[in-house]
Amino acid sequence: MAAVDTRVRSRETPDAGRPLLSVHELTVDYLTPRGPARAVDHVSFTIGPGEILGLAGESGCGKSTAAHAIMRLIKPPGRITTGVVRFRDRDVMLMSERELLDFRWRQVSIVFQSAMNALNPVLSIGAQISDAIRAHTRTSRRQAWERATELFELVGIDTGRLHSFPHQLSGGMRQRAVIAMALALNPDLIILDEPTTALDVVVQRDILQQIEELQARLGFSILFITHDLSLLVEVSTRIAVMYAGKIVESATARDLFDEPLHPYTVGLMESFPSITGPKERLEGIPGAPPDLITPPRGCRFHPRCPQCSLARPDLYQLQTEVEPVLREVRPGHWVACHLY
Amino acid sequence: MQPRIQTPVDPTATAEPPVPSTAAGRARRHVPQWLRLFVGTPLTVVGIVAFGVIALAAVLGPILTPYQPLDMIGPLHSPPTGAHLFGTNDVGQDLFTQAVYGARYSLAVGLGSGVAITVLATILGMTAGYVGRWVDDVLSMIMNVFLVMPQLPLLVVIAAYIPFKGGDPTGAAVVMIAVITITGWAWGARVIRSQTLTLRNRDFVQAAMVAGEPTWRIIFQEVMPNMISLLANTVIMSSMGAILAEAALDYLGIGSINQVTWGTMLNKAQANSTLFSGEWWCFVFPGLAIAVTAMSLILMNYGIDLVSNPRLRIIKDRSSIAGRARLIPFMPGGHHRPRGLKRGSES
Amino acid sequence: MSYLIRRLGFYLVAFWVAITVNFLLPRFLPGNPIDYFMLRYQNQLAANPHLLDSLRPAFDFKHQSLLVQYAEYLKNLAHLDFGVSYSQFPTPVNQIVGQALPWSLFLAGLSTLLAFTIGTFLGIVAAWRRGGTVDVAVTPFTMFTQSFPAFFVAMLILYFIGVKGGWFPINHSYGEGTQPGPNLPFIASALRHAAMPVIALLLSSVGGWLLGMRSVMINTLSEDYIAMAQAKGLSNRRVMLLYAARNALLPQVTSFAIVLGYAITSLVLIENVFAYPGLGYLMVTSVQATDYPLMQAIFFLLTVGMLTANLIADLLYAVLDPRAARA
């Protein structure tokens, strides 16, 4: 089909050439009667072509918000206060409405957490896919439907289901359908926002495998958002960990797994049981997520950090007064922590 | 991935508004947020004041006017003057007096019905929602049947068969309240039922049930406190509906025909062709009285809605963060483009 | 399908309740209508003693046992035989009602169509641009229209536009010079006479549609699939109409029932202000004349009308919502 660019990208190494997406000092606030809650606080990262960046953190840490901000999907009372988001050298924040509509889905698409909620209940799946296609290209309804059929084959759904409504599909099928929709225009970057959280483990496996295969085949980049760090370790090229709206650690998946530096990352790692291996004691992270309107002074994690105590008073003073800064403490391994 | 090095953040330069430590600030924090929102909205205040004025006029009634409503003491067909604020009608009765006395009746019937409807709706609605099963099926059926009947024709037919002819205002009012309550309870009941159903299935209620708490306690301590705004809503809107219904019946000449109410004043105005003879004061004042009362109730209800449904609030962006940072439109087509930004520029 | 059957069953029950109420109500009144009737027509009765025989089964409440009367009543109802009018004796009720019905349908139909269209459209726009001009204007506008009683609005219109302004004729449903029928002068005259009542009806009912649509749209717009639609880069218009409004219409259709109730109320009141010869006006005059047969017939008609409209709304909902058809 000439209208949709279906070239398969060559698999490029993550550091080759210019980054595909570069986010710099992105800040998103939610306006509440008590004052603005800073959900994303001067966050910066890049994603290269063909790279899979994992974004991890507990609920409410701002990862979904950051992803929405990349596509400028923040609605009031949310507001993107500052930040530069460059996609292939164009600043998304400065795009006109036309450019933005074109940018969306064609360059970057997104898969929401709950596929049921992301689908229009009164339109058939096929109609929703061809919607997206016809909004960006000059294709006839028939051609768009053909493309939708191709996509369904790609993700492994019976193409007869194109005429079904969302409520008629099972959870796994719906998620695949949403993935198919995300692939419709062969975007360069796909944002996966907790794509498997709402599914049971067996289906999770399937979907993940499917995603990996598709990525290997088509070569798009992925921004993989989840609270499940163990998932990211298997799938991603690099991983960034967020806490209270800030990135606290970032490294390659291998490095993060071998040597998690930030105490929060350590806590996350230890929160997930492994199915194989000896039974270990499960450690959670004590405490609750911080109030984003008035976050803790100094290091935001310090109230919950096992490494923060009065036993080491000068360190304690730093931790409670000064915000730590993201620094490269090992090659390619950045962390924002006073311990280093 | 290459995150830039972040410059150390100066802890004293945060952009969040500082936690107030002044006396006024401390006092402000003691006022519950809902009250602040309720009274802080200009429209709501207007409603409260307007209703207060009318209620006051009704209560003070006889003090405010030297005449009796049916005394024919003034000049005939007189437009509003100093002596007769609302003018006089075709038999020389002072319309201001009539309006004030009418207020007593209309408000009494309106509020009385509002409360009665809410009580009935709450009892039946909560029972249906909480007990469930066949009780709910039966009650829901009854509610739906009532809802699907046209209300005014039903009122007309019932009112036609019941004698209002008595001159006793209290008796007439009670009958009117009864009639309006019987025809008007279903809407509130259905809303209360569905809210009760939702609450009943919430975890905290389920926990109380499992813990073996007696039903009455669950209802009064767990369920009802979460329905306060809905109940307030129901009282206000039912009262409004009742005032309008009563006025409508009186206007049609089917209601309390021997009382002086706003509705009967309108009925007289029409019957005496004052609409055609240019005597606007005969119908404008009583009509406005009904309208202002109803509107004040709606405004107060609006205030309650704002408190209970945060999505309806439009929060003004007063923070100082917007100052130096670029304000970026969130959704195209929604709001303005940021000023002073050049396309393709970079920080 | 079972959904429809259940709804149909419900409407049958409601219908039965309505006609039974219609039957029982007059029997609660002290006294016997037939005595009243005999008093009124005593002169005619002297000449023709059997004048009232046909009325006895329906209106002589002591004539037979209650159950037998009920059976007679149901039988007559099945034949749509409402008897003869008291106040316009001996004209059959059906004839009187038949003359009034078209006018009411005309008025109600026209104004409901306008109110629904305008109200729904404005509601969509108001919700889409929260805080914009339309949205901000909605609240005060609907407050005015909802709190001003329909008959007061009608009076104001009648006074300022009709009497003082002289723009439209102030009573009757069509001019005396024209002949009823599908001819242009008649239609034009009918429209001119209907103008003020329609405006009054429109003003009093548009608020309901507006508020309803707006509040449903606000809730719909916060759904994930709207964000998804915008993420897909669909044009604003498409998202607003095909994704948001299409879903928001569903609850709007179900609110039809409530709005219809208000519409009938307003119709009755406004017809009385303008002395427009529809069912509402007829109902009130029949009550004032204690014309029981006529009253019963009109009440029956209004109730059936409302039930039917609700049934149609339910059918429409089943068609519009793919989830309901399966339920």
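Chains as they are written, first to last, in numbering that gives the first Met the number 0: chain A, 0 to 339; chain B, 0 to 346; chain C, 0 to 326.
For glycine and all other residues, C-beta sits at the position ideal for the given N, C-alpha and C.
- Using a Cβ-Cβ distance cut-off of 8 Å, the region 103-112 of chain B and the region 172-185 of chain B are in contact, since at least three pairs of beta carbons, one from each stretch, lie closer than that value.
- The DSSP assignment places complete beta strand (DSSP E) segments of no fewer than 3 residues inside the region 188-249 of chain A at 188-192, 220-225 and 237-242, in order along the chain.
- Pairing isoleucine 190 of chain A with valine 107 of chain A gives a Cβ-Cβ distance under 9 Å.
- Under the three-state reduction of DSSP, glutamate 279 of chain A is assigned to coil, being neither helix nor strand.
- Pairing isoleucine 157 of chain B with threonine 117 of chain B gives a Cβ-Cβ distance that is not under 9 Å.
- Of the residues C:Ala262, C:Thr289 and C:Gln251, the one whose Cα lies closest to the Cα of isoleucine 253 of chain B is C:Thr289.
- In the structure shown, histidine 83 of chain B adopts coil according to DSSP, grouped into three states.
- Around the beta carbon of histidine 41 of chain A, 16 or more other beta carbons lie within 10 angstroms, which makes this residue buried.
- The C-beta of serine 58 of chain A has fewer than 16 other C-beta atoms within 10 Å across all chains shown, which makes the residue exposed.
- Among the residues of the region 115-132 of chain C, those with a Cβ less than 8 Å away from any Cβ of chain B are Arg128, Arg129 and Gly130, in the order of the chain.
- Leaving aside the five residues that flank leucine 138 of chain B on each side, the residues in its chain whose CB is nearer than 7 Å to its CB run, in chain order, Leu123, Thr126 and Ala127.
- Contact check for alanine 134 of chain A against lysine 231 of chain C passes: the beta carbons are separated by less than 9 Å.
- Between glutamine 174 of chain A and isoleucine 128 of chain A, the C-beta spacing is not below 9 Å.
- Following the DSSP letters along the chain, one finds tryptophan 208 of chain C inside the alpha helix (DSSP H) bounded by residues 183-220.
- One Cα belongs to leucine 300 of chain C, the other to alanine 185 of chain B, and the distance between them is close to 22 Å.
- Remark: C-beta atoms of phenylalanine 50 of chain B and methionine 299 of chain B approach each other more closely than 9 Å.
- Serine 108 of chain A: member of the beta strand (DSSP E) spanning 107-110, first to last residue.
- Here the region 122-142 of chain C makes no contact with the region 294-314 of chain C; the two share fewer than three CB pairs at distances below 8 Å.
- For arginine 237 of chain A, the number of other beta carbons within 10 angstroms of its own is at least 16, and it is reported as buried.
- Your pair isoleucine 217 of chain C and alanine 126 of chain C checks out as a contact, with CB atoms roughly 5 Å apart and the cut at 8 Å.
- With three or more CB-CB distances shorter than 8 Å, the region 84-97 of chain B counts as touching the region 54-74 of chain B.
- Across the structure, glycine 164 of chain C and valine 52 of chain B are spaced so that their CA atoms are roughly 34 Å apart.
- The beta carbons of arginine 296 of chain A and glutamate 279 of chain A sit about 34 Å from each other, so the pair does not count as a contact at 8 Å.
- As computed with DSSP, glutamate 327 of chain A is found in a beta bridge with A:Trp333.
- Under the Cβ distance rule, methionine 216 of chain C does not count among the residues neighbouring chain B, no pair being separated by less than 9 Å.
- The C-beta separation of glutamate 248 of chain A from tryptophan 333 of chain A comes to about 7 Å, placing the pair in contact by the 8 Å criterion.
- Of the candidates C:Phe115, C:Glu222 and C:Arg213, C:Phe115 places its Cα closest to the Cα of serine 203 of chain C.
- Closer than 9 Å to the CB of tryptophan 104 of chain A there is at least one CB belonging to chain C.
- Assigned with DSSP and collapsed to three states, valine 121 of chain A falls in coil, not helix or strand.
- For isoleucine 303 of chain B, the enclosing alpha helix (DSSP H) begins and ends at 280-307.
- The region 45-53 of chain A makes contact with the region 18-31 of chain A, as at least three CB pairs between them are under 8 Å.
- Shortest Cα-Cα distance from glycine 171 of chain A to any of A:Val201, A:Glu149, A:Ala181 and A:Pro120 involves A:Val201.
- In chain order, Gly101, Ser105, Ala246, Pro285, Ala288 and Ile289 place their CB closer than 6 Å to the CB of tryptophan 261 of chain B, counting only its own chain and leaving out the 5 sequence neighbours on each side.
- DSSP places glutamine 97 of chain B in the helix class (H, G or I) of the three-state scheme.
- Near chain C, meaning a CB-to-CB distance below 7 Å, the residues of the region 156-167 of chain A are Phe164 and His166.
- The three-state secondary structure of alanine 107 of chain C, taken from DSSP, is helix.
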